[in-house]
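Enquirer: Sharing a structure with you now.
There are 2 protein chains.
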Amino acid sequence: MTRPPTLRDVAAASGVAISTASRALTKPGRVNERTAVRVREAARQLGYAPSATGRALSSGRTRMVALLVPDVTNPYFFGIVRGTAARLRADGYVHVLVDAEESVEAEERALRALRPTVDGAVLAASRLDDDRLTAWSHEFPMVTVNRPVPDQSGVLVDTAGGTGQALAHLASLGHRRVAYAAGPRASWSDRRRRAVLRTAAKRLGVDVVFLGPFVPRREDGAAAADACLHADVTAVLAFDDLLAFGILDRLAERGIDVPGAMSVVGCDDVFGADLVRPGLTTIAAPLERAGHAAADLLLGRLDPTHPGGTVTVELPTHLVVRGSTGTAPLRVVR
Amino acid sequence: MTRPPTLRDVAAASGVAISTASRALTKPGRVNERTAVRVREAARQLGYAPSATGRALSSGRTRMVALLVPDVTNPYFFGIVRGTAARLRADGYVHVLVDAEESVEAEERALRALRPTVDGAVLAASRLDDDRLTAWSHEFPMVTVNRPVPDQSGVLVDTAGGTGQALAHLASLGHRRVAYAAGPRASWSDRRRRAVLRTAAKRLGVDVVFLGPFVPRREDGAAAADACLHADVTAVLAFDDLLAFGILDRLAERGIDVPGAMSVVGCDDVFGADLVRPGLTTIAAPLERAGHAAADLLLGRLDPTHPGGTVTVELPTHLVVRGSTGTAPLRVVR
DNA sequence: CAACCATCGGCAAACGTTTGCCCCAGCGGC
DNA sequence: GCCGCTGGGGCAAACGTTTGCCGATGGTTG
């Protein structure tokens, strides 16, 4: 296990000064071509790769970007990880993945530790409160996903719009009483969807009953399903696909036919939504594009030649209709 | 957006030299407690966090570890990512995620670029050939997953053993002619499973027909399913769950009852295996544990006080029986 | 022939941290 | 009163890279 070769080794091997070696490799035309060839050949032969650490120290930029997610376990974030990874790779940035463990403290600890080390961060579904998020956004180039911060660039996925679409879809199938199985109170998306549902419900002449909040995990779908049955609805919009999977599990367990007796709509279209039977009708969120867009915004801010200014990218969603939604059953009046 | 505070700022604020500030924060007892308190207070007030870059340069260690996967998209790697992330986080290491794009060149490029920058790497299912892998293993502390390298620590998941179990399971259900829908020729796991299947088939009195190789993607399950039907088998062991999902899709499309007319067994038990209907019987690989173990091995090697020596951890698998396997149909002799 | 310029290479500082070495003050023992 | 020891603090080098500045060389122009 030998120490990696440094610029000093390359310089020695080609008989020039370190500064010349550096320029030969990074500043085309700055040194005589014959010298440059010699240096490049030596570098190749030694297997030289510049130390990102050394570079970072002298340039003040590390060419690393962190992605903070509350929970790497959640398939929701897989798409975001993919998107940011692809975008960062395209510009040769290193991708640091941080699991904030759903905890405000862990998230702040990670930000503090990473601030001197990475050039910027993408915060997906941050658990930080508004004040702290705003404070951090002044200290550190960052872009949020699904979490608007004043005067800060961000990516929003318009699941609220999709929710309206989904309700219209259910209304057109004859559903008149629909549940919304809500997510965490702290969720920005959840708040927006509630608002949209209230107005859409009025417009469409549908009763929407709000159930929850539920923790968006498959296990918690049981409680949500039971609440739906008790609330006497014929369809349910779940906060996300995981919750919807759990609802499907529980309905199957209780022998409730989907979509015959109950229609189920998820949100996000994560991996697996087309694996369940019946396939899950869901509001497809372009998560990979969201991650890509977030990284793109961040890279733009990091580029000093870039115009600047804050941008908010809002990505549209669309409803993917699969087998879990169908015409409303005849209402049984008790 | 202010420059993060450095040790110099802390030293100035507390009226001591940089070296004293450094020691006050990192060498308990080395400086007078009264002085140390002053320094710590200044650090706290300024929001000081040590620069990993500066540390790395002086110590030669970056406290970063890279995880190279061929394709972040594949749910197989989600578990590994989770496991390594958790283990690295526990020791305060930073987790660098690299997608090698299923390409030997990209993988080597990443290794070359990362060598001076990270302390070590976990290579999951490397696409590198043996020679290059061996060469790299001499240059760079690394641990492989499912890819044995001579004189190098690694983690192996015994899916071959699980395959034997799965075949026995099928035999006990009366299957007498079973297909193996193979994965890529280059796969080490695939080669081992073939060997195990050959001997197990003899012992159990089962005919195993080898089909493929198939690309382990859901889309390629269609070809695998058609090949199975043509080969006149009553059960199929798929290289992995993704392929099995695709086989299930195609069988459903062609109206073949699972498990009535055909039993299907997957491998890995990825996210989603219990979402399909019928649930997929599969060889459960402890992927999160594998990632955890790999990171653990690597961290051990990086610790200078550690005994040393190379270790190979072999993790057992077990068969998870769900709905996709059942008793063999009566053979139709044509 | 002098003044000027372009080309090319080297010196040294800077980035932030750690750490070996040295210095100084204070104190106890003789 | 001198020696030696110890506790506590600073100086400076080192890590690998980039880059502003300078100097040397050789050629061109007036």
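Top to bottom, those sequences are chains E and H.
Residue 239 in the numbering used here sits at position 121 of the first sequence, with consecutive numbering throughout.
Residue 156 in the numbering used here sits at position 38 of the second sequence, with consecutive numbering throughout.
Backbone N, C-alpha and C define an ideal beta-carbon position, used for all residues, glycine too.
Below 8 Å between beta carbons: does that hold for Pro434 of chain E and Asp308 of chain E?
Expert: The answer is no: Cβ separation not under 8 Å.
Enquirer: What in chain H is Cβ-close to Val376 of chain E, meaning under 8 Å?
Expert: Under the 8 Å cutoff, chain H gives no residues; its nearest Cβ is about 11 Å from Val376 of chain E.
Enquirer: Anything in chain H within Cβ reach of Phe363 of chain E, meaning under 9 Å, just list it in chain order.
Expert: Leu393
Enquirer: Terminal residues of the continuous beta strand (DSSP E) containing Phe328 of chain E?
Expert: 325 to 329
Enquirer: My guess is that Thr399 of chain E and Asp386 of chain E are in contact by the Cβ rule of under 8 Å, so how many angstroms apart are they, rounded?
Expert: Not a contact, Cβ separation roughly 12 Å.
Enquirer: Against chain H, which members of the stretch 169 to 201 of chain E pass a CB distance test of less than 7 Å?
Expert: Ser169, Ala170, Thr171, Gly172, Ala174, Leu175, Thr180, Val190, Thr191, Pro193, Phe196, Val199, Arg200
Enquirer: On the criterion of 16 or more Cβ atoms from any shown chain inside 10 Å, does Met380 of chain H qualify as buried, or is it exposed?
Expert: buried
Enquirer: For Ala356 of chain E, does the three-state DSSP call read helix, strand or coil?
Expert: Strand.
Enquirer: Return no unless some Cβ of chain E is closer than 8 Å to the Cβ of Met260 of chain H.
Expert: no
Enquirer: Excluding five sequence neighbours on each side, which residues of the same chain lie with their C-beta closer than 6 Å to the C-beta of Ala174 of chain E?
Expert: Thr180
Enquirer: Examine chain E for any beta-carbon lying closer than 8 Å to the beta-carbon of Ala208 of chain H, and answer yes or no.
Expert: Taking Cβ atoms only, chain E never reaches closer than 8 Å to Ala208 of chain H, which makes this a no.
Enquirer: May I have the straight-line CA-CA distance separating Arg303 of chain E from Pro331 of chain E, to the nearest angstrom?
Expert: Arg303 of chain E and Pro331 of chain E have their C-alpha atoms some 7 Å from each other.
Enquirer: Using CA atoms only, rank isn't needed, just tell me which of E:Asn192, E:Ser132, E:Glu159, E:Met119 is closest to Arg335 of chain E.
Expert: E:Asn192
Enquirer: Count the other CB atoms within 10 Å of the CB of Met182 of chain E; is the residue buried (16 or more) or exposed (fewer)?
Expert: buried
Enquirer: Could you spell out the range, first to last residue, of the alpha helix (DSSP H) harbouring Arg315 of chain H?
Expert: The sequence shown places Leu at residue 315 of chain H, not Arg. Run containing Leu315 of chain H: 306 to 322, per the alpha helix (DSSP H) assignment.
Enquirer: I believe Phe328 of chain E touches Ala300 of chain E by the beta-carbon criterion, under 8 Å. Please report the beta-carbon distance rounded to the nearest angstrom.
Expert: 6 Å
Enquirer: At a cut-off of 7 Å, is Leu416 of chain H close to the ligand SAM when judged by its beta-carbon and the heavy atoms of the ligand?
Expert: Within the structure as shown, the ligand SAM is missing, as the structure has no ligands at all.
Enquirer: Assign Gly384 of chain E to one of three DSSP states: helix, strand, or coil.
Expert: strand
Enquirer: Could you check if Ala253 of chain E is buried or exposed, using at least 16 other CB atoms within 10 Å of its CB as the buried criterion?
Expert: exposed
Enquirer: What three-state label does DSSP hand Ala402 of chain H in the structure shown?
Expert: strand
Enquirer: Is there a C-beta anywhere in chain E that falls below 8 Å from the one on Phe357 of chain H?
Expert: no
Enquirer: Could you confirm whether any beta carbon from chain E is found closer than 8 Å to the beta carbon of Thr423 of chain H?
Expert: no
Enquirer: Could you give the DSSP three-state label for Leu274 of chain H: helix, strand or coil?
Expert: Reduced to three states, the DSSP call for Leu274 of chain H is strand.
Enquirer: My output table needs one value for Glu534 of chain E: the three-state DSSP class, helix, strand or coil.
Expert: Limits of chain E in this structure are 119 at one end and 452 at the other, which puts residue 534 of chain E out of reach.
Enquirer: Under a three-way DSSP split, which group does Val109 of chain E fall into?
Expert: No information on residue 109 of chain E is available, as it lies outside the stretch 119 to 452 that chain E covers here.
Enquirer: Are the C-beta of His293 of chain E and some C-beta of chain H separated by less than 8 Å?
Expert: No - not a single Cβ of chain H is within 8 Å of the one on His293 of chain E.
Enquirer: For Leu369 of chain H, which residues from the same chain have a beta carbon less than 7 Å from its beta carbon, with the 5 sequence-adjacent residues on both sides left out?
Expert: Ala343, Val376, Met380
Enquirer: For Gly238 of chain E, does the three-state DSSP call read helix, strand or coil?
Expert: strand
Enquirer: Check whether the stretch 156 to 172 of chain E touches the stretch 124 to 142 of chain E, taking contact to mean three or more Cβ pairs, one atom from each stretch, closer than 8 Å.
Expert: yes
Enquirer: Distance cutoff 8 Å, beta carbons only. Does Thr428 of chain E sit that close to anything in chain H?
Expert: no
Enquirer: Go to Asp127 of chain E, then tell me how far its alpha helix (DSSP H) extends in each direction, as first and last residue.
Expert: 125 to 132
Enquirer: What are the residues that DSSP puts in a beta bridge with Glu432 of chain H?
Expert: H:Leu274
Enquirer: I'd like to know if Pro334 of chain H contacts chain E, where contact means its C-beta is closer than 8 Å to some C-beta of that chain.
Expert: Answer no: the Cβ-Cβ gap between Pro334 of chain H and chain E never drops below 8 Å.
Enquirer: Classify Tyr298 of chain E as helix, strand or coil using the three-state DSSP reduction.
Expert: strand
Enquirer: Let me know if Gly409 of chain E comes out buried or exposed under the rule of 16 or more other beta-carbons within 10 Å of its beta-carbon.
Expert: buried
Enquirer: Evaluate Leu393 of chain E with the Cβ neighbour count: other Cβ atoms within 10 Å of its Cβ, from every protein chain shown; 16 or more gives buried, anything less gives exposed.
Expert: buried
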